[in-house]
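Line by line, the protein sequences give chains A and B.
Under my numbering, think of the first position of the first sequence as 2, with each following residue one higher.
Under my numbering, think of the first position of the second sequence as 2, with each following residue one higher.
All remarks here apply to the structure that follows.
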Amino acid sequence: MPALTNDARPTQPWIINLLVRPSAYRHPRAWGAACVAAGTWILFLGVILISFGFWWGAALIAVSALELWIAYRLLIAPLPQRVRELEQSRARVVDDSAARLRRIERDLHDGAQAQMVAVAMKLGLARERLSSAVAGTKQPDLERVLELIVAAHSGAKEAITELRDLARGIHPPVLDDGLGTALRSLAAGRDVPVELVVDVPDRPSAAIETIAYFCAAELLTNIAKHSGARHATLEAVNMAGLLRVRVTDDGVGGAHVESSGGLAGLADRVGTVDGKLHISSPSGGPTVVDVELPFHV
Amino acid sequence: MRIVIAEDSAVVRAGLAEILWDHGHNVVAAVGNGDDLRAAVSEHHPDVAVVDVRMPPSYTDEGLRAAIAIRRDHPKTGVLVFSQYIETRYAADLLGGASGGGAAGVGYLLKDRVADVSEFVEALSRVAAGGTALDPEVITQLLGASRRPDALDSLTARERDVLALMAEGRSNGAIAGILVVSERAVEKHIANIFSKLGLPPSDADHRRVLAVLRYLGA
């Protein structure tokens, strides 16, 4: 089971929690840098005072040591944990893209490629009939030829549809016009009516938009399949520097992450960019799924 | 010909059956996986089986393994393997020791070849009659990756054409027809090729194919 919340927050000693919480959690690097600067200056001052014979300068050195220790906890100590997380998320990205490529290859092989082979066979047969008719070796069986061409024609049309669906699954062209437009087209024409709220003034990175779009698509599909909901909302807003996509429904609830299930796949995909996926789905509903993504990769 | 088809894609399966019926052959069974194929061959003892490489449940080389088993258990049934990609290793597995029987009654073609209906049916007849049909793509790859490029360089362009067609499993008559030369000329080219490459002369078509493939390193 994948971690649903991938917090990069290190566990801090109580003293730091007391002193700088919660700001240091949100901006550990800024606080760390401030501690380094302050600690260095106080250390410098302490050394000067001592060298002029003011022994109480030693107290300043002790304070600077505390500052530098806090800086160490904020800046250096979390690194191994962070490296581990990045390694895991990189592995997930690689697995995810390999699996996607495999799926695309399979879809092509079983879909359009097979369809085109069948089309070529039918045209081959029709061509044989026509050439023997033209060469005068056989009576032309025009009805049969027409039948073959009609079948080939509809096969070619099916192949076109399959290719279009596949291409859209790889990168929906509507995303080029921005997340808002893409989500609007996603929400339109659903069996369960979807209320849409989009407030994303700046465009996130393309990769973030894509992930947000596929999350919304999967979650809306889940609603139609499993929830029995009569109403759903899809919300995409800019919240404190994060892109939050929230999908809610008034269905039966009870949604949960199963390993190798659709939601686990989403959590993995969101995790690849350090995003988070929260699910609240008590039995009886309502279901609220929050996807938080950074604006830029 | 009595034919068994094994192909998991329903559209391709139906298309193949249509082509074969259209050419007056008898499709005795059309199945969608390796196990059913083996069962169908045991039941019907067809002249030839047309086998897709990739079939359920593993979607890897199910069909190939079934084909090798059929060649071992039913040596009288020809096996034409066809797939959407050419893997030279598959050709080697099919022709190699694993299945016994050498190149007799084996074919390996790209699925696209089905589009040239009469050529495909002809290749299938060749395989059913104990001959060989290898895709030109297999031969190109083998020629390109041959361990003995120097000896191949000693062949004239025409001799290389003849070598490629010979490796595909064509008879002298067919090669003469394709290259628009007399059969005598083809025989002369083949004698030259065999002496330049130091291959033992042989009469049966499929032995000749095997000699050439061994030479190319399949």
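Note that beta-carbon positions come from the ideal geometry of N, C-alpha and C, so glycine has one too.
Residue i at chain A interface by Cβ criterion, 7 Å
| i | result |
| --- | --- |
| Gly25(B) | no |
| Gly16(B) | yes |
| Ser10(B) | yes |
| Ile20(B) | yes |
| Gln85(B) | yes |
| Ala116(B) | yes |
| Val52(B) | no |
| Lys112(B) | yes |
| Asp13(B) | In the sequence under discussion, the amino acid at residue 13(B) is Val, which differs from the Asp named in the question. Judged by the 7 Å Cβ criterion, Val13(B) is in contact with chain A. |
Beta-ladder partner(s) of residue i, from DSSP
| i | result |
| --- | --- |
| Tyr109(B) | Val82(B), Leu135(B) |
| Val3(B) | The sequence as given places Arg at residue 3(B); Val does not occur at that position. Asn27(B). |
| Leu197(A) | Leu235(A) |
| Val32(B) | Ala7(B) |
| Met240(A) | Leu243(A) |
| Leu294(A) | Leu244(A) |
| Lys277(A) | Glu293(A) |
| Thr249(A) | Thr234(A), Val289(A) |
| Val49(B) | Ile4(B), Gly79(B) |
Residue i versus the options, residue with shortest Cα-Cα distance
| i | options | result |
| --- | --- | --- |
| Ala177(B) | Glu169(B), Ile140(B), Glu188(B), Ala168(B) | Glu188(B) |
| Glu293(A) | Ala213(A), Leu180(A), Leu220(A), Asp250(A) | Ala213(A) |
| Asp113(B) | Tyr91(B), Asp94(B), Pro137(B), Ala165(B) | Pro137(B) |
| Glu8(B) | Lys77(B), Val52(B), Pro47(B) | Val52(B) |
| Val246(A) | Ala100(A), Ala63(A), Val290(A), Glu144(A) | Val290(A) |
| Arg90(B) | Val118(B), Val54(B), Ser183(B) | Val54(B) |
| Pro29(A) | Ala78(A), Phe53(A), Leu46(A) | Ala78(A) |
| Ile87(B) | Arg66(B), Leu110(B), Pro76(B), Arg72(B) | Leu110(B) |
| Val163(B) | Arg209(B), Val118(B), Val122(B) | Arg209(B) |
| Leu44(A) | Val118(A), Leu69(A), Ser281(A), Ala99(A) | Leu69(A) |
| Ala160(A) | Asp108(A), Ile280(A), Leu264(A) | Asp108(A) |
| Ala168(A) | Arg104(A), Val48(A), Ala237(A) | Arg104(A) |
| Ala40(B) | Gln142(B), Lys77(B), Val5(B) | Val5(B) |
| Ala165(B) | Arg149(B), Ile191(B), Phe121(B), Val12(B) | Ile191(B) |
| Asp178(A) | Gly170(A), Glu210(A), Leu220(A) | Glu210(A) |
| Val139(B) | Asp94(B), Ile194(B), Ala50(B) | Asp94(B) |
Alpha-carbon spacing of residue i relative to residue j, whole angstroms
| i | j | result |
| --- | --- | --- |
| His1(A) | Gly262(A) | In the structure displayed, chain A extends from 2 to 298; residue 1(A) sits before or after that span and is not available. |
| Pro295(A) | Leu50(A) | 47 Å |
| Val298(A) | Gly276(A) | 10 Å |
| Pro3(A) | Arg14(B) | Confidence at Pro3(A) is low in this model, with a pLDDT of 38, below 50, so its placement is unreliable and the value that follows should be read with caution. Going from the Cα of Pro3(A) to the Cα of Arg14(B) covers about 41 Å. |
| Asn34(B) | Arg83(A) | 48 Å |
| Leu81(B) | Arg185(A) | 51 Å |
| Thr273(A) | Ala18(B) | 48 Å |
| Glu169(B) | Thr133(B) | 7 Å |
| Gly79(B) | Arg171(B) | 16 Å |
| Gly255(A) | Pro47(B) | 55 Å |
| Asp151(B) | Ser10(B) | 43 Å |
| Asp250(A) | Arg101(A) | 28 Å |
| Tyr227(B) | Ile69(B) | As shown, chain B starts at 2 and ends at 219. That puts residue 227(B) outside it, with no answer to give. |
| Ala38(A) | Ser65(A) | 10 Å |
| Asn7(A) | Arg93(A) | Annotation note: pLDDT 40 at Asn7(A) (below 50); position unreliable, coordinate value reported separately. Whole-angstrom Cα-Cα distance: 13 Å. |
| Gly242(A) | Arg204(A) | 12 Å |
| Gly285(A) | Gly252(A) | 7 Å |
| Ala116(B) | Lys123(A) | 8 Å |
| Glu184(B) | Pro141(A) | 34 Å |
| Val107(B) | Ser206(A) | 54 Å |
| Leu278(A) | Thr41(A) | 40 Å |
| Arg66(B) | Val42(B) | 14 Å |
| Asp97(A) | Ala186(B) | 58 Å |
| Leu143(B) | Asp37(B) | 32 Å |
| Gly64(B) | Val120(A) | 23 Å |
Short CB-CB distance (under 7 Å) between residue i and chain B
| i | result |
| --- | --- |
| Gln140(A) | no |
| Leu126(A) | yes |
| Gln116(A) | yes |
| Met122(A) | yes |
| Ala119(A) | yes |
| Glu106(A) | no |
| Glu210(A) | no |
| Glu144(A) | no |
| Ile163(A) | This sequence places Glu at residue 163(A); Ile is not what is there. Closer than 7 Å: no. |
I'd like to know if the segment 159-172 of chain A and the segment 106-120 of chain A are in contact, where contact means that at least 3 CB-CB pairs between them fall below 8 Å. The segment 159-172 of chain A is in contact with the segment 106-120 of chain A.
Can you find at least 3 beta carbon pairs, one from the segment 28-46 of chain A and one from the segment 72-79 of chain A, that sit closer than 8 Å? yes
Can at least three beta-carbon pairs, one atom from the segment 88-98 of chain B and one from the segment 119-129 of chain B, be found at a separation below 8 Å? no
Can you confirm whether the segment 55-67 of chain A touches the segment 81-91 of chain A when touching is taken to mean that 3 or more C-beta pairs between the two stretches lie within less than 8 Å? no
Touch test, the segment 189-200 of chain A against the segment 217-233 of chain A, Cβ-Cβ under 8 Å, three pairs minimum: These segments touch.
For the structure I just gave you, are there three or more beta carbon pairs, one from the segment 264-271 of chain A and one from the segment 20-34 of chain B, closer than 8 Å? no
Can you confirm whether the segment 138-153 of chain A touches the segment 121-129 of chain A when touching is taken to mean that 3 or more C-beta pairs between the two stretches lie within less than 8 Å? yes
Give a yes or no on contact between the segment 174-192 of chain A and the segment 149-157 of chain A, applying the rule of three or more CB pairs nearer than 8 Å. By the C-beta criterion, the segment 174-192 of chain A is judged not to be in contact with the segment 149-157 of chain A, since fewer than 3 inter-stretch pairs fall below 8 Å.
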